[in-house]
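The structure appears below as structure tokens.
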Amino acid sequence: MNAVRRVLQVHAGPRARKHLRERGLQPTDVRVIAAAAGGPKGLILNPLDRFVFGHWLADAAQEVHLLGASIGAWRMACACAADADTALAEMAQDYVRQRYDHAPGRAPTADHVSEVFGRLLGLRLGERADHLLAHPTRRLHVFTSRGRGLLARESRWQTPVGYLAAFGANLVNRQAMAWLLERVVFSDPRTAIPLPLADYPGRNVALDGRNMATAVLASCSIPFWLRAVHDIPGGPPGAYWDGGITDYHLHLDYAAMPEGLVLYPHFQRQLVPGWLDKALKHRHRATPKLDNVVVLSPTPEWVASLPRGKLPDRSDFKTFGDDFDARVRSWSQAVAMSAQLADEFAALCQRDSIDAAAL
């Protein structure tokens, strides 16, 4: 008889592994949920998000802080809806079916993508901002990257030079990059984020109805694919880009939290600190900061079973070209298959003990 193939892998820091082994995982254990940047890769987490926020955490009485960058910020904003299941399902459909006009054989312009995407976020988030920020237990924190120096304002020549300089500075160390890009977190003002953010220079700004949609747009604004968002209400002046540049996978000092676990649905097991660290493999290793983190990610074997044998990603726009329907079918199939991740997590949560691998 063939063994049942696992689709979900669980990795955890030492403190979290001990907790899972001794007590399993209950909604009341979770104090923070983190959501990475990664563009279309995040689509495969949609059924898992819908289960976690729409059902598993629905009756949790404790505050849960939702930290997101780029698509992760969009996911976490939707998770603050009273009907999170429906809001997250809508978000997946919006992402899968995004479409931008362009000249034959050319990519759409950054101005056009920003205009269309910004209009969508204004409809889905801006008009619902007060509702999303009134959730009784969920607290949203949107990570953005604000330009300084050469990147203080977007321009045709300064921006490429500025990002080249940021790349060089990041090779020295992450903190050196802060001369050009600082972390700005737009946070629900009702409760402070429950962990220090001293690992990288930045500041916190109050999240409110005026700036929620704009902050999420900024957090999703990939340099050169979208325009920077300038002068977000309530924040310091300047150009804001994708939160993943400074915080690609939100590798933060979670171990300093006074209590509780961090639940991290992710599309891979590694947490890469910044966007410019993707090629720097030595920065992908786990650190003591992840002591209380539980990462849920698909197994490589399951990923290989997806359409085209990989996670959806931005290269698919080029691969499928003008065949919009083919891309939609491919991404929709990946989302549908991802229901297996949610099913397996639901079964895990019924256990008194969970065996997790080390991060």
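Numbered continuously in the working numbering, the sequence shown closes out at residue 371. Note that beta-carbon positions come from the ideal geometry of N, C-alpha and C, so glycine has one too.
Check                                                                                                                                                                      : Outcome
Name the two residues that bound the continuous alpha helix (DSSP H) containing Arg27.                                                                                     : Pro26 to Arg35
Alpha carbon to alpha carbon, how far is Gly36 from Arg363?                                                                                                                : 6 Å
Compare the Cα-Cα distances from Arg215 to each of Ala225, Ser157 and Met189 and report the closest residue.                                                               : Ser157
Could you work out which residue in Ala316, Phe198, Glu271 and Val274 is closest to Arg17 when comparing CA atoms only?                                                    : Ala316
Quick check on the DSSP output: what are the complete alpha helix (DSSP H) runs of length 4 or more inside the region 301-370, in order along the chain?                   : 312-316, 327-332, 336-349 and 351-360
Three or more beta-carbon pairs under 8 Å between the region 64-77 and the region 183-194, yes or no?                                                                      : no
So, with DSSP's three-state summary, where would you put Ile83?                                                                                                            : helix
Given 8 Å as the limit, is there contact between the region 26-45 and the region 244-254, that is, 3 or more CB pairs closer than that?                                    : no
With DSSP as the reference, label Trp169 as helix, strand or coil.                                                                                                         : coil
Distance cutoff 8 Å, beta carbons only. Does Leu360 sit that close to anything in chain C?                                                                                 : The structure shown contains no chain C, having only a single protein chain.
Keeping to the same chain, check which residues put their C-beta closer than 6 Å to that of Arg222; ignore five residues upstream and five downstream.                     : Pro245
Determine the DSSP secondary structure at Gly214, reduced to helix, strand or coil.                                                                                        : strand
For Leu79, tell me which candidate among Asp265, Arg165 and Gln110 has the shortest Cα-Cα distance.                                                                        : Asp265
Just list the residues that DSSP pairs Val19 with in beta bridges.                                                                                                         : In the DSSP output, where bridge partners are listed per residue, Val19 has none listed.
For the region 43-52 and the region 117-129, state whether three or more C-beta atom pairs, one from each stretch, are separated by less than 8 Å.                         : no
Would the region 275-288 count as touching the region 201-210 if we require 3 or more Cβ pairs under 8 Å?                                                                  : no
Along the chain, which unbroken stretches of the beta strand (DSSP E) at least 3 residues long are found entirely within the region 191-268?                               : 193-199, 214-218 and 251-253
For the region 134-149 against the region 83-97, are there 3 or more C-beta pairs whose distance is under 8 Å?                                                             : yes
Using the rule of at least 16 other Cβ atoms within 10 Å of the residue's Cβ for burial, across every protein chain shown, is Asn182 buried or exposed?                    : buried
Run through DSSP, which three-state label would His124 get?                                                                                                                : helix
Could you pull out every residue in the same chain whose Cβ sits closer than 8 Å to the Cβ of Ala338, ignoring the five residues on either side in sequence?               : Phe332
Have a look at the DSSP bridge pairing and note the partners of Phe155.                                                                                                    : Ala81 and Val197
Excluding the 5 residues preceding and the 5 following His124 in the sequence, name in chain order all residues of the same chain whose CB lies nearer than 7 Å to its CB. : Tyr112 and Asp113
Comparing C-alpha positions only, which one of Pro270, Gln74, Asp367 and Ala348 sits nearest to Ile56?                                                                     : Ala348
Which residues mark the beginning and the end of the beta strand (DSSP E) in which Pro277 is found?                                                                        : Leu273 to Pro277
Less than 8 Å separating the beta-carbons of Leu152 and Leu219?                                                                                                            : yes
Could you tell me if Thr226 is buried or exposed, where buried requires 16 or more neighbouring beta carbons within 10 angstroms of its beta carbon?                       : buried
Using a Cβ-Cβ cutoff of less than 7 Å, which residues in the same chain neighbour Arg150 once the five nearest sequence positions on both sides are dropped?               : Val76, Leu78, Ala91 and Cys92
Using the Cβ count rule (16 or more neighbours within 10 Å means buried), how would you classify Ala15?                                                                    : Residue placement at Ala15 is flagged as unreliable, the pLDDT there being 47, under the threshold of 50; a coordinate-derived value is accordingly withheld.
DSSP state of Asn14, grouped into three classes?                                                                                                                           : The predicted position of Asn14 is uncertain, since its pLDDT is 42 and thus under 50; a value taken from the coordinates is nonetheless stated next. Here Asn14 sits in coil by DSSP.
Closest to Pro103 by C-alpha separation, out of Ala146, Gly51, Ala115 and Ala70, would be which residue?                                                                   : The sequence given here has Met at residue 103, not Pro. Out of Ala146, Gly51, Ala115 and Ala70, Gly51 has the C-alpha closest to the C-alpha of Met103.
Where in the region 44-74 do unbroken runs of the alpha helix (DSSP H), each at least 4 residues long, occur, reported from the N-terminal end onward?                     : 58-63
Whole-angstrom Cβ separation of Leu308 and Val22, contact assumed at under 8 Å?                                                                                            : 6 Å
Which residues does DSSP list as the beta-bridge partners of Arg295?                                                                                                       : Answer is none; Arg295 lacks a bridge partner.
Roughly how many angstroms lie between the CA atoms of Ala370 and Val128, to the nearest whole one?                                                                        : 42 Å
Could you work out which residue in Asn58, Val42 and Lys53 is closest to Ala72 when comparing CA atoms only?                                                               : Val42
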